[in-house]
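*Asks:* 1117 is the number of the first residue of the sequence shown in our numbering; add one for each residue after it.
Structure provided below as structure tokens; questions to follow.
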Amino acid sequence: MSHSISKQVRPLLHIPNSNTNLLRHGPQKEKVVVVMGATGAGKSRLSIDLATRFAAEIINSDKMQVYQGLDIVTNKITDEERCGVPHHLLGVVDPESDFSAANFRAMASISLKSILGRDQLPIIVGGSNSFIEALVDTSFRSRFECCFLWVDVAMPVLDSFVSDRVDKMVERGMVSEVRDFYKPNGDYSKGIRRAIGVPEFDKFFRIESLCDDDETRARILAEAIDSIKSNTSQLARCQLEKIHRLRNIRGWRMHRLDATDVFRRRGGEAEAAAWENTVAAPGAAIVSRFLYDLEPAICGGVTAVRGTARPLMATAYSY
């Protein structure tokens, strides 16, 4: 699905206001937006939409996309799709090494400091909820205030999209990409070889040069592709379960943005309109209210509120 790009001027993070009664009192924490969701749900798309509406930079929290290489397999966002938005921790780690949650916490902290030093908004986005949890459930909350956006899609609809996406990845050259990376004795328990789309092709590559039967090769290849689809759908379910645990058991306050209708209208203007109305605009309104931290105040008998973000907000959203 294509990324929608806002034409708005990107506002500054800090709005000077002589009437301090309109602002909440207390020590100010640095603010961070976190975009979560199952694989394929549209997290990257939303992060780019937000980053083109606000002065923002993106920190990748996908544990496979941090590695160099296998851009198709790991479904890295392309240079064109980034729309000029700076990305951090994307394709920077040696693919043979192990990158742990502790590694992510350390590197993400450095990126956060760098982004905030430029007066930009950090947007953390990715499907590896264990990385996000490792970062946030530390001393992080004592220094940062977080706004969690959850892009959700009904699983039967997402399953269909994931299947189609794998087919498109194959068309873009996924098999050749993995073949070039393949090692007969490769360790699928570490590094980028853990990525869905790598171990599934092992059997196919082993018999590819030994089997003269085109029909057999085609069957084994089709089985590998079906396994990738099945494993990706299973990953999406595990990610969704983790999000529910973080929200319902750990008490994380999340803003759910239902993108199901977007996926049902895939392609054309109807999809773009559905995305803007159900995901992009509500998400931007949530972030606006979060960043500017405003609420009504009585000043000389007059109720004062600032900005246009509040009328755009659905009443169900709160941070």
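From the three backbone atoms N, C-alpha and C, an ideal C-beta is built for every residue, glycine too.
Keep in mind it's a predicted model, so treat the numbers as computed, not measured.
Are V1278 and S1213 closer than 7 Å when you measure CB to CB?
*Replies:* no
*Asks:* List the endpoints of the continuous alpha helix (DSSP H) containing D1374.
*Replies:* Unbroken run through D1374 is the beta strand (DSSP E), 1370 to 1374; no alpha helix (DSSP H).
*Asks:* Give the DSSP-derived three-state secondary structure of D1268 in the structure shown.
*Replies:* In the three-state DSSP reduction, D1268 falls in the strand class (E or B).
*Asks:* Assuming the contact rule is C-beta atoms closer than 8 Å, Y1183 and P1211 should be a hit. Round their C-beta distance to whole Å, please.
*Replies:* 5 Å between Cβ atoms; contact.
*Asks:* State the DSSP-derived secondary structure class of M1067, mapped to helix, strand or coil.
*Replies:* What the structure shows of the chain is the stretch from 1117 to 1435, and residue 1067 is not part of that stretch, so it cannot be assessed.
*Asks:* Once the 5 residues before and after M1117 are set aside, which same chain residues still bring their CB inside 6 Å of it?
*Replies:* In this predicted model, M1117 has a pLDDT of only 47, less than 50, meaning its place in the structure is not dependable; the value taken from the coordinates is given anyway. Short of 6 Å from the beta carbon of M1117, and not among the five residues preceding or following it, lies no beta carbon of its own chain.
*Asks:* Going along the chain, which residues of its own chain have a beta-carbon closer than 6 Å to the beta-carbon of R1261, five neighbours each way excluded?
*Replies:* A quick correction: the sequence has Glu, not Arg, at residue 1261. The residues K1145, K1147, in chain order, have a CB closer than 6 Å to that of E1261 in the same chain once the five nearest residues on each side in sequence are set aside.
*Asks:* Rounded to whole angstroms, what's the CA-CA distance from A1217 to D1195? Just pull it up for me.
*Replies:* 26 Å
*Asks:* Measure the C-alpha to C-alpha separation of A1386 and T1376 and round it to an integer number of angstroms.
*Replies:* 13 Å
*Asks:* Would you list, in sequence order, the uninterrupted beta strand (DSSP E) runs of no fewer than 3 residues that lie entirely inside the segment 1145 to 1182?
*Replies:* 1146 to 1153, 1172 to 1176
*Asks:* Is L1265 closer than 7 Å to H1371 when the C-beta atoms are compared?
*Replies:* In contact: H1371 and L1265 (Cβ atoms closer than 7 Å).
*Asks:* Rounded to the nearest angstrom, what separates F1220 and S1177 at their Cα positions?
*Replies:* 8 Å
*Asks:* Contact between the segment 1157 to 1165 and the segment 1389 to 1409: three or more CB pairs below 8 Å?
*Replies:* yes
*Asks:* Using CA atoms only, rank isn't needed, just tell me which of I1174, S1258, R1259 is closest to L1237.
*Replies:* I1174
*Asks:* Give me the Cβ distance between G1242 and K1159, rounded to the nearest whole Å; I'm assuming they're in contact under 8 Å.
*Replies:* By a beta-carbon distance limit of 8 Å, G1242 contacts K1159. Their separation comes to about 7 Å.
*Asks:* Could you pull out every unbroken alpha helix (DSSP H) segment of at least 4 residues lying fully inside the segment 1288 to 1369, listed in chain order?
*Replies:* 1290 to 1297, 1318 to 1324, 1330 to 1364
*Asks:* So, at 7 Å on beta carbons, what are the nonlocal neighbours of E1447 in its own chain, with the 5 sequence-adjacent residues on each side left out?
*Replies:* This structure cannot settle anything about residue 1447, because the visible part of the chain is limited to 1117 through 1435.
*Asks:* When the Cα of L1232 is compared with those of R1259, S1255, N1245, which residue comes out closest?
*Replies:* R1259
*Asks:* Hey, could you find the ends of the alpha helix (DSSP H) L1232 is sitting in?
*Replies:* 1217 to 1233
*Asks:* What's the C-alpha gap between G1153 and S1325?
*Replies:* 40 Å
*Asks:* How long is the line joining the alpha carbons of F1320 and R1333, rounded to whole angstroms?
*Replies:* When only Cα atoms are considered, F1320 and R1333 end up about 7 Å apart.
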